[in-house]
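In the numbering used here, the protein residues as written are 208 to 320.
To keep things clear, I will list the structure first and then write my remarks on it.
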């Protein structure tokens, strides 16, 4: 079996939306400021099983920017702004679903080149 990018990290099955699933690299329930998780690393798996990296922080509005262009083993690495600190699974779900339209567009753009 071919090695898949981020294979050593777990998918958070609860986040599955429209076939896209968030994967955790840094623990989103580790509170570096003592109250909530405000930044971290993760990845997203698309419906076809391909993956992209995520570097996330917080902002008032969701946003996305390219950090690393698509490569052979992933459709890129993206800096993402979530809108809420993460304390619970519901917070993670809200954030993932809020940025999902941006991630879907990045996925589409990666394969249209």
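C-beta: ideal position from N, C-alpha, C; glycine also.
Check, Outcome
"Residue 314 (DSSP reduced to helix, strand or coil)", "helix"
"Member of 316, 315, 307, 288 whose CA lies at the smallest distance from the CA of residue 224", "307"
"Residue 222 (DSSP reduced to helix, strand or coil)", "helix"
"Collapsed DSSP secondary structure at residue 216 in the structure displayed", "coil"
"Residue 260, enclosing beta strand (DSSP E) - first and last residue", "258 to 265"
"Simplified DSSP state of residue 289, which is helix, strand or coil", "strand"
"Reduced DSSP category for residue 227 - H, G, I as helix; E, B as strand; rest coil", "strand"
"Span of the beta strand (DSSP E), counted from its first residue to its last, around residue 249", "247 to 252"
"Cβ pair residue 293, residue 244 closer than 9 Å", "yes"
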